[in-house]
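Undergrad: Under UniProt numbering, the first residue of the sequence shown is numbered 1, with each subsequent residue one higher.
Glycine included, C-beta positions come from ideal geometry on N, C-alpha and C.
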Amino acid sequence: MKRIKVIATGGTISAHHDDRLDVRNYVSGHYRGEDIVASLPELQRFAKVDVEQLSNFSSTVIDDRHWVLLRERVTAILEEAYDGVVITHGTNTLEETAYFLHMTVPSEKPIVVTGAQRPFSGLSTDASMNVLNAIQVAASSEANGFGVLVVLNNEVWSARDVSKTNTYRLQTFQSMNAGPLGTVDPDYRVRLLHRPVRKHTAQSMWANESFDALPRVDIVYSYAGADGIMIDALVAAGAEGIVIAGTGAGRCSPLEEEAIERAVEAGVVVAMSSRVGSGVVIPIDAYAHIPFVTTDTLSPQKARILLKLALHQTKDVATIQTYFEQY
Numbered sequence: 001m002k003r004i005k006v007i008a009t010g011g012t013i014s015a016h017h018d019d020r021l022d023v024r025n026y027v028s029g030h031y032r033g034e035d036i037v038a039s040l041p042e043l044q045r046f047a048k049v050d051v052e053q054l055s056n057f058s059s060t061v062i063d064d065r066h067w068v069l070l071r072e073r074v075t076a077i078l079e080e081a082y083d084g085v086v087i088t089h090g091t092n093t094l095e096e097t098a099y100f101l102h103m104t105v106p107s108e109k110p111i112v113v114t115g116a117q118r119p120f121s122g123l124s125t126d127a128s129m130n131v132l133n134a135i136q137v138a139a140s141s142e143a144n145g146f147g148v149l150v151v152l153n154n155e156v157w158s159a160r161d162v163s164k165t166n167t168y169r170l171q172t173f174q175s176m177n178a179g180p181l182g183t184v185d186p187d188y189r190v191r192l193l194h195r196p197v198r199k200h201t202a203q204s205m206w207a208n209e210s211f212d213a214l215p216r217v218d219i220v221y222s223y224a225g226a227d228g229i230m231i232d233a234l235v236a237a238g239a240e241g242i243v244i245a246g247t248g249a250g251r252c253s254p255l256e257e258e259a260i261e262r263a264v265e266a267g268v269v270v271a272m273s274s275r276v277g278s279g280v281v282i283p284i285d286a287y288a289h290i291p292f293v294t295t296d297t298l299s300p301q302k303a304r305i306l307l308k309l310a311l312h313q314t315k316d317v318a319t320i321q322t323y324f325e326q327y
């Protein structure tokens, strides 16, 4: 039987409210990972499960330091006799943690991130089935080499492409560009339908890197009438990179365009993404005079992570552009 380690970090999946009908005003960190696992004796049908409590708070607290620590723990655990890892995590920033691990963990073994939209104490919580499904996927030999997977609501997603798309509904995690990689069906079989084709985990150039600190990269949301002041402020604050969540296919206002030019002249690497939620951002003639990076199909928050990792290696825009085409 496969051995799976559950790393608990907190989030809604760990939350409690005395009123089972209140799925809004709960407090994260009430339940520990061992409480959740102990409530699921059915797990023993699928794997031998151990639990480690790494943290126990809302995922809004997560920052670079937590990512680096989690990556170190996942790497160390997978070098032991474990066949896979499941991470329980708050859904607010789950996709970002999953993508950072997807880009940096040097292992082909299954790594699955899951969470819940309803607190563990809530009526009809999704926590239990999500944990069960995540452990099933982590224990599946078919999941080897898929990189980091996100499992919620009976669906399996690639960390690169998945995003939270709804504030409360259970089917919040979606991938508008790529769709799910597979499902966990009512017969409790894991059905993986296709593999991610971009580089990740053991094939990533950051798989064996050490991270004491990551460069500061910020996101600027573009909108009608944006004057570029936010871009200037971030340059003054010491940002090494800025991701623009542009309108449409990666456009910005004339004043923002001028601010981007000033940022580039100051040595800041700028990456153009889109606020739309799906589609590709690629170079266009209108901005050919500005040496910035385009982010392919990555969301602004994922583009920020890849730009952080890229700046850990180089500030050459042409080289960084190749990273966005490969990862």
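1) Would you kindly work out how many angstroms separate the C-alpha atoms of glutamate 142 and histidine 289, rounded to a whole number?
2) Below 6 Å CB to CB, which residues in the same chain sit around aspartate 218 once its five sequence neighbours on both sides are set aside?
3) By how many angstroms is the C-alpha of phenylalanine 324 removed from the C-alpha of arginine 169?
4) How is the alpha helix (DSSP H) around threonine 97 delimited, first residue to last?
5) Please confirm whether isoleucine 305 and glutamate 96 have their CB atoms less than 8 Å apart.
6) Whole angstroms is fine: what's the gap from proline 186's alpha carbon to glutamine 117's?
7) For valine 190, collect the residues of the same chain with a Cβ closer than 6 Å to its Cβ; drop the 5 residues on either side in sequence, then sort them by chain order.
8) Starting from the C-beta of serine 222, find all residues in its chain whose C-beta is less than 8 Å away, skip the five residues before and the five after it, and write them out in chain order.
9) Could you pull out every residue in the same chain whose Cβ sits closer than 7 Å to the Cβ of alanine 202, ignoring the five residues on either side in sequence?
10) Is it right to say glycine 11 is buried, meaning 16 or more other beta carbons lie within 10 angstroms of its own, or is it exposed?
11) Report the three-state DSSP secondary structure of arginine 275 (helix, strand or coil).
12) According to DSSP, is lysine 109 helix, strand or coil?
13) Enumerate, from N- to C-terminal direction, the unbroken beta strand (DSSP E) stretches of 3 or more residues contained entirely within the UniProt domain "Asparaginase/glutaminase C-terminal" (216-324).
14) Sort out for me which residues DSSP pairs aspartate 18 with in a bridge.
15) For histidine 194, which residues of its own chain have a beta-carbon under 7 Å away from its beta-carbon, when the five flanking residues on both sides are left out?
16) Is it the case that the Cβ atoms of leucine 21 and serine 128 are separated by a distance below 8 Å?
17) Would the region 195-214 and the region 268-284 be scored as touching if the rule is three or more Cβ pairs under 8 Å?
18) Buried or exposed for valine 23, please, with buried defined as at least 16 other CB atoms from any protein chain shown within 10 angstroms of its CB.
19) If histidine 102 sits next to alanine 159, beta carbons under 8 Å apart, how far is it from one beta carbon to the other, in whole angstroms?
20) Between Leu132, Leu192, Arg216 and Lys164, which has its C-alpha nearest glutamine 44's C-alpha?
21) Please report the residue range of the beta strand (DSSP E) in which threonine 183 lies.
22) Confirm, please, whether the CB-CB distance from leucine 311 to valine 269 is below 8 Å.
23) Identify every residue that forms a DSSP beta bridge with lysine 164.
24) Thinking C-beta only, is lysine 5 closer than 8 Å to valine 112?
25) Would you mind sorting tyrosine 26 into buried or exposed? The rule is 16 or more other CB atoms within 10 Å of its CB.
26) Where does valine 280 land, buried or exposed, given buried means 16+ other C-beta within 10 angstroms?
27) Between the Cα of tryptophan 67 and the Cα atoms of Ser299, Gln313, Val317 and Lys308, which residue gives the shortest distance?
28) Does the distance from the C-beta atom of serine 55 to that of threonine 91 stay below 8 Å?
29) Note down the Cα distance separating threonine 75 from lysine 164, rounded to an integer number of angstroms.
30) Under the rule that 16 or more other beta-carbon atoms within 10 Å means buried, what is glutamate 155, buried or exposed?
TA: This is what the structure gives:
1) Position 142 of the sequence shown, counted from the first residue, corresponds to residue 142. Position 289 of the sequence shown, counted from the first residue, corresponds to residue 289. Going from the Cα of glutamate 142 to the Cα of histidine 289 covers about 47 Å.
2) Here residue 218 corresponds to residue number 218 of the sequence shown, with the count starting at 1. Here the set comprises Leu234, Ala239 and Ile242.
3) Working through the sequence shown from its first residue, we reach residue 169 at position 169. Working through the sequence shown from its first residue, we reach residue 324 at position 324. Distance between the alpha carbons of arginine 169 and phenylalanine 324: 31 Å.
4) Residue 97 sits at position 97 when you count from the first residue of the sequence shown. Segment 94-104, the alpha helix (DSSP H) holding threonine 97.
5) Mapped onto the sequence shown, residue 305 falls at position 305. Mapped onto the sequence shown, residue 96 falls at position 96. A distance below 8 Å separates the beta carbons of isoleucine 305 and glutamate 96.
6) The sequence position of residue 186 within the sequence shown is 186, counting from 1. The sequence position of residue 117 within the sequence shown is 117, counting from 1. Each residue's alpha carbon lies about 20 Å from the other.
7) Start at 1 with the first residue of the sequence shown, and residue 190 comes out as number 190. Counting only Cβ-Cβ distances below 6 Å, and skipping sequence neighbours, we find Gln136, Val137, Ser140 and Val184.
8) Position 222 of the sequence shown holds residue 222. Residues of the same chain with a CB within less than 8 Å of the CB of serine 222, apart from the 5 flanking positions on each side, are Ile244, Ala245, Gly246, Thr247, Arg251, Cys252, Ser253, Glu256 and Arg275 in chain order.
9) Working through the sequence shown from its first residue, we reach residue 202 at position 202. Excluding residues within five positions, the ones whose Cβ falls inside 7 Å are Pro106, Ser107 and Glu108.
10) Numbered from 1 along the sequence shown, position 11 holds the residue referred to as residue 11. Counting the other Cβ atoms within 10 Å of the Cβ of glycine 11 gives 16 or more, which makes it buried.
11) Here the question's residue 275 lines up with position 275 in the sequence shown. Collapsing the DSSP output to three states places arginine 275 in coil.
12) By 1-based counting over the sequence shown, the position of residue 109 is 109. In the three-state scheme derived from DSSP, where H, G and I count as helix and E and B as strand, lysine 109 is classed as coil.
13) Entirely contained in the UniProt domain "Asparaginase/glutaminase C-terminal" (216-324), the beta strand (DSSP E) runs reaching 3 residues are, in chain order, 217-221, 241-246 and 269-274.
14) Stepping through the sequence shown from its first residue, residue 18 is reached at position 18. Note: aspartate 18 sits in no beta bridge, so no partner.
15) By 1-based counting over the sequence shown, the position of residue 194 is 194. Only Leu181 meet the Cβ criterion.
16) Here residue 21 is taken as the residue at index 21 of the sequence shown, counted from 1. Here residue 128 is taken as the residue at index 128 of the sequence shown, counted from 1. At a Cβ-Cβ threshold of 8 Å, leucine 21 and serine 128 do not count as neighbours.
17) Output reads no: the region 268-284 does not touch the region 195-214.
18) Taking the first residue of the sequence shown as 1, we reach residue 23 at position 23. Counting the other CB atoms within 10 Å of its CB gives valine 23 a total of 16 or more, which places it among the buried residues.
19) Working through the sequence shown from its first residue, we reach residue 102 at position 102. Working through the sequence shown from its first residue, we reach residue 159 at position 159. Approximately 4 Å separates the beta-carbon atoms of histidine 102 and alanine 159; this is inside 8 Å, confirming the contact.
20) Reading the sequence shown from its first residue, position 44 is the one you call residue 44. With respect to the C-alpha of glutamine 44, the residue from Leu132, Leu192, Arg216 and Lys164 having the closest C-alpha is Leu132.
21) Position 183 of the sequence shown, counting from 1, holds the residue named residue 183. Run containing threonine 183: 182-184, per the beta strand (DSSP E) assignment.
22) Position 269 of the sequence shown, counted from the start, is the residue given in the question as residue 269. Position 311 of the sequence shown, counted from the start, is the residue given in the question as residue 311. Cβ distance < 8 Å, so valine 269 and leucine 311 count as in contact.
23) Within the sequence shown, numbered from 1, the residue matching residue 164 stands at position 164. Paired residue(s): Phe173.
24) Reading the sequence shown from its first residue, position 112 is the one you call residue 112. Reading the sequence shown from its first residue, position 5 is the one you call residue 5. Result no, Cβ atoms of valine 112 and lysine 5 do not sit closer than 8 Å.
25) Residue 26 sits at position 26 when you count from the first residue of the sequence shown. By the neighbour-count criterion, in which 16 or more other beta carbons inside 10 Å mark a residue as buried, tyrosine 26 falls on the buried side.
26) Your numbering for residue 280 matches position 280 in the sequence shown. Around the beta carbon of valine 280, a 10 Å sphere encloses fewer than 16 other beta carbons of the protein chains shown; the residue is thus reported as exposed.
27) Counting from one through the sequence shown, the residue named residue 67 turns up at place 67. Comparing C-alpha distances from tryptophan 67 to each of Ser299, Gln313, Val317 and Lys308 shows the shortest one belongs to Lys308.
28) Counting from 1 along the sequence shown, the entry for residue 55 is found at position 55. Counting from 1 along the sequence shown, the entry for residue 91 is found at position 91. Taking a C-beta distance under 8 Å as the contact criterion, serine 55 and threonine 91 do not qualify as a contact pair.
29) Locating residue 75 in the sequence shown gives position 75, counting from the first residue. Locating residue 164 in the sequence shown gives position 164, counting from the first residue. It is roughly 26 Å from the alpha-carbon of threonine 75 to the alpha-carbon of lysine 164.
30) The residue labelled residue 155 in the question sits at position 155 within the sequence shown. That one is buried.
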